[in-house]
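Below is one structure, written out as structure tokens, with a few remarks after it.
Number of protein chains: 2
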Amino acid sequence: MCEQLTLRNSEMHKKKLQNSKSIPIDDPKPLYQQVKKHVMDHIQSREWEVHSRIPSEHELVAELSMSRMTIHRALRELTQEGVLKRIQGVGTFIAAPKQGATVLNIPNIKDYVTSRGSNYSCVVQFHQTDPLSAKDALTLGLKEGEDIYRTYIIHKENGIPVMLEDRFTLPDMLPDYINQDFTKILVDYFFASRCAFLNHDHQLSVQMSTQEIHHFMELDLPTPCLCLYRRTWSGNTLLSTARLLYPGQKFALTC
Amino acid sequence: MCEQLTLRNSEMHKKKLQNSKSIPIDDPKPLYQQVKKHVMDHIQSREWEVHSRIPSEHELVAELSMSRMTIHRALRELTQEGVLKRIQGVGTFIAAPKQGATVLNIPNIKDYVTSRGSNYSCVVQFHQTDPLSAKDALTLGLKEGEDIYRTYIIHKENGIPVMLEDRFTLPDMLPDYINQDFTKILVDYFFASRCAFLNHDHQLSVQMSTQEIHHFMELDLPTPCLCLYRRTWSGNTLLSTARLLYPGQKFALTC
DNA sequence: TAGTGGTCTAGACCACCCG
DNA sequence: GGGTGGTCTAGACCACTAG
Chain G
177 MCEQLTLRNS EMHKKKLQNS KSIPIDDPKP LYQQVKKHVM DHIQSREWEV
227 HSRIPSEHEL VAELSMSRMT IHRALRELTQ EGVLKRIQGV GTFIAAPKQG
277 ATVLNIPNIK DYVTSRGSNY SCVVQFHQTD PLSAKDALTL GLKEGEDIYR
327 TYIIHKENGI PVMLEDRFTL PDMLPDYINQ DFTKILVDYF FASRCAFLNH
377 DHQLSVQMST QEIHHFMELD LPTPCLCLYR RTWSGNTLLS TARLLYPGQK
427 FALTC
Chain E
177 MCEQLTLRNS EMHKKKLQNS KSIPIDDPKP LYQQVKKHVM DHIQSREWEV
227 HSRIPSEHEL VAELSMSRMT IHRALRELTQ EGVLKRIQGV GTFIAAPKQG
277 ATVLNIPNIK DYVTSRGSNY SCVVQFHQTD PLSAKDALTL GLKEGEDIYR
327 TYIIHKENGI PVMLEDRFTL PDMLPDYINQ DFTKILVDYF FASRCAFLNH
377 DHQLSVQMST QEIHHFMELD LPTPCLCLYR RTWSGNTLLS TARLLYPGQK
427 FALTC
């Protein structure tokens with residue numbers, strides 16, 4: 177088996193040499209990618225089991241007749257991808273499969289609406305400087321009564337409200353925030369245009385619609401709502417918090 | 177500015193040489209990481225703007241007095257991380273910041289419960305072979321009446337139901353699925369132990385609790401529920417679908 | 001044709017782990 | 001001390017893009 181693979185690889189090497197005479201035959205992939213596939217094949221075929229040790233770089237260099245840097249790059253990338261686990265001075269092992277890490281990718285509201293072939297619009301209900309209430313001050317880690325920007329936007333699909341955005345933004349970092357017209361640019365886009373490396377954290381919950389939600393979302397009946405609480409940071413500095421309310425409808429997918 | 181950085185880097189080089197005399201002074205990082213930081217600093221300070229071209233590998237080699245492989249590794253990793261965009265024959269550019277891609281990372285239920293310091297347990301209500309109903313057959317892309325494994329589990333935190341798992345699993349791929357004791361092993365862990373490369377897709381929605389949910393989740397009042405519909409694949413082959421119901425409570429965060 | 005990024009090599013030094 | 005992975009170099013050949 178190993179011998180067979182060695183042969184295959186030396187054949188590939190020949191093809192590469194042929195290819196260098198500018199006679200592209202069948203697009204041989206880079207060697208490091210072949211090594212990655214070689215390792216993946218052994219894992220998928222169960223020949224190399226989870227947690228077991230795979231050949232060292234030195235052994236793969238000998239087996240596949242490549243330089244150590246090429247082998248190393250392949251193994252390093254597989255390690256970055258979570259397939260392998262490497263321990264200096266010990267060896268390279270098959271990593272345990274990731275378990276239970278469930279990732280949801282929620283597109284922004286405008287892309288989501290337009291991707292459904294619908295018309296996107298929004299109405300900015302408030303966009304002003306407010307003194308902080310005691311409750312909000314607690315959440316934001318600020319003092320009661322301090323000034324903060326508050327923005328309240330209803331996002332619509334074909335004119336029908338689909339999402340309520342209730343946002344607090346700290347004035348220190350982005351003083352021109354309050355002058356923006358958020359019917360023209362999404363708040364997230366504005367942040368992305370001003371700050372190079374944003375990060376977010378999120379908290380997901382469900383709640384029944386309140387009177388306030390009924391009013392702005394044009395609802396008649398009590399409706400379960402998905403509530404996404406998002407904080408936006410630039411490095412370790414909090415920029416903004418948002419409560420995003422999606423009244424009871426399927427709204428997100430992928431990955 | 178550039179000169180200053182070159183100086184800083186040659187100083188680091190000296191430190192590295194000192195360090196090689198086994199006198200670790202202040203843990204100098206690998207050169208390629210210094211290059212990454214060098215680039216990131218220029219981006220964060222706005223010195224290099226979005227979409228603008230940054231110095232070529234050759235220029236960075238001269239500026240920072242490093243080998244091209246080291247420069248190349250730094251720029252390649254930043255490209256993989258989405259910070260840069262490289263075009264062969266043209267140059268290296270600052271990538272546009274990712275916008276609106278909101279990612280939620282939901283831990284598995286057992287880790288979630290235990291991470292809160294609570295006691296995890298579960299009850300398997302059904303675990304049997306069922307003929308497919310017309311509606312479920314449609315969702316799964318199978319024929320009505322075909323046999324399928326159905327598993328119905330109530331997950332509990334300190335004895336109180338917190339999540340309902342209603343799962344259909346195709347019998348072809350994992351014939352010993354039906355013999356598992358899912359009070360001992362999470363279904364996701366079982367899949368991970370049998371299939372090397374799993375992927376999932378998800379759909380999120382909210383719904384009001386039904387009579388069925390009231391009964392199994394020990395609810396008295398109608399409650400909004402978060403419903404996560406998850407499909408599990410091995411390559412392009414569907415393994416299992418699950419409806420995961422979390423009655424109205426905060427349940428997930430991070431990233 | 002000159003400059004760019006993509007890949008690959010052969011060799012080197014290092015920190016780390018283990019017997 | 002011998003084997004492992006982590007890093008780095010100097011040089012090479014290539015495909016690609018643009019003037």
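So the protein lines, in turn, are chains G and E.
Take the numbering used here: the final residue in the first sequence is number 431, and no numbers are missing along the way.
Take the numbering used here: the final residue in the second sequence is number 431, and no numbers are missing along the way.
Just so it is clear, CB atoms sit at the ideal spot from N, CA and C, and this is done for glycine as well.
By the rule that beta-carbons nearer than 8 Å mark a contact, phenylalanine 373 of chain G touches chain E.
The alpha-carbon of tyrosine 405 of chain E is positioned some 45 Å away from that of glutamate 235 of chain G. Our two residues, phenylalanine 269 of chain E and aspartate 217 of chain E, have alpha carbons roughly 15 Å apart in a direct line. Around the beta-carbon of threonine 417 of chain E, 16 or more other beta-carbon atoms lie within 10 Å, marking it buried.
Below the 9 Å Cβ cutoff, chain E contributes Ala277, Thr278, Val279, Leu280 and His378 as neighbours of asparagine 281 of chain G, in chain order.
Here the alpha carbons of leucine 260 of chain G and leucine 207 of chain G stand approximately 18 Å from one another. Within the same chain, Cβ atoms closer than 6 Å to the Cβ of serine 297 of chain G are found at Lys332, the five residues on either side in sequence being excluded.
Relative to the Cα of glutamate 320 of chain G, the nearest Cα in the group G:Gln256, G:Arg343, G:Pro307 and G:Leu420 belongs to G:Pro307. If you draw a straight line from the Cα of alanine 271 of chain G to the Cα of glycine 258 of chain G, it comes to about 7 Å. Per DSSP, the continuous beta strand (DSSP E) segment holding phenylalanine 302 of chain G begins and ends at 296-307. Exclusion of the five residues before and after asparagine 334 of chain G leaves Ser294 and Asn295 as the residues of its chain whose Cβ lies within less than 6 Å of its Cβ. Note on methionine 245 of chain E: under 16 other CB atoms within 10 angstroms of its CB, so exposed under the neighbour-count rule.
Cβ contact annotation for threonine 255 of chain G (same chain, cutoff 6 Å, sequence separation greater than five): Arg262, in chain order. The beta carbons of methionine 339 of chain G and leucine 420 of chain G sit about 6 Å from each other, so the pair counts as a contact at 8 Å. In this structure, the straight-line span from the alpha carbon of glutamine 356 of chain G to that of methionine 349 of chain G is close to 14 Å.
Boundaries of the alpha helix (DSSP H) harbouring aspartate 287 of chain E: 285-291, taken from the DSSP string. Between cysteine 403 of chain E and serine 385 of chain E, the gap from beta carbon to beta carbon reaches 8 Å or more. Nearest in C-alpha terms to lysine 286 of chain G, of all of G:Val363, G:Gly265 and G:Ile247, is G:Val363.
Distance from the Cα of valine 226 of chain G is smallest, within the candidate group E:Ser369, E:Thr413, E:Gln379 and E:Asp323, for E:Ser369. Taking the beta carbon of proline 206 of chain E as reference, no residue of chain G falls within 8 Å; the closest one sits roughly 12 Å away. Note on geometry: alpha-carbon atoms of histidine 391 of chain E and proline 398 of chain E lie some 11 Å from one another. Nearest in C-alpha terms to aspartate 396 of chain G, of all of G:Phe373, G:Val266 and G:Pro423, is G:Pro423. Taking a 10 Å sphere around the C-beta of arginine 222 of chain E, we find fewer than 16 other C-beta atoms and assign the residue as exposed. For the C-beta of valine 382 of chain E, the chain G residues within less than 7 Å are, from N- to C-terminus, Val382, Pro400, Cys401, Leu402 and Gly424.
One alpha carbon belongs to proline 283 of chain G, the other to lysine 360 of chain G, and they sit about 18 Å apart. Taking 7 Å as the Cβ-Cβ cut-off, the region 212-228 of chain G approaches chain E at Ile219 and Gln220, given in chain order. Taken in chain order, the complete beta strand (DSSP E) segments of 3 residues or longer contained in the region 309-336 of chain E are 323-333. Between arginine 249 of chain G and serine 291 of chain G, the alpha-carbon positions lie close to 38 Å from each other.
From the listed residues G:Lys213, G:Arg343, G:Pro400 and G:Asp312, the smallest Cα separation to histidine 303 of chain G is found for G:Arg343. Leucine 415 of chain G and leucine 346 of chain G do touch by the CB rule: their CB atoms are close to 6 Å apart, below 8 Å. For phenylalanine 373 of chain G, the number of other beta carbons within 10 angstroms of its own is below 16, and it is reported as exposed. For methionine 393 of chain G, no beta strand (DSSP E) run applies; the uninterrupted alpha helix (DSSP H) run containing it begins and ends at 387-393, by DSSP.
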